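Note that the numbering used here has the sequence shown beginning at 78, numbered continuously upward.
Think of the CB as a built atom: it goes at the ideal place given N, C-alpha and C, for glycine as much as any other residue.
Treat the numbers as computed from the prediction; the structure is a model and nothing was measured.
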Amino acid sequence: MRLVAGLVRGKQVAEAKAILLNSTKAASRNALQTLKSAVANYAQLNPEERVGDQELFVKSVYVDEGATLKRMLPAPMGRAYRVRKRSNHLTIIVDKVKNPATK
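Here's what the structure looks like:
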């Protein structure tokens, strides 16, 4: 997931969506869903602004460790191997692009 997060960090939302749609990594589907949710949350929190995907950019992306499921896999001679199925928490923050000409 951290590899996918690095692909979209700092990009415009339209470009980030295109990258995630064309990525072959399995984590890109979850990242795309989270990105769409972040854009919808921004639109809901700022109803007076009408912004499109070209006006928003990915301000920051955090990937933190989530719960780890511990499972056992049979091994030779009556032993067992421990299998750790890791998960993560993905946070995407989007913001409006600041126009330097308006300063």
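With a cutoff of 9 Å on beta-carbon distance, G143 and S164 are scored as near each other.
Assignment of T101 by DSSP, reduced to helix, strand and coil, places it in the coil class.
Rounded to the nearest whole angstrom, the C-alpha separation of G87 and I169 is 11 Å. Under the three-state reduction of DSSP output, N118 falls in the helix class.
Residue pairing from DSSP places D141 in a beta bridge opposite H166. Here V174 has E132 and F134 as same chain residues with Cβ atoms under 6 Å from its own Cβ, once five neighbours each way along the sequence are excluded. In the DSSP annotation of this structure, the continuous segment of the alpha helix (DSSP H) that includes A82 starts and ends at R79 to V85.
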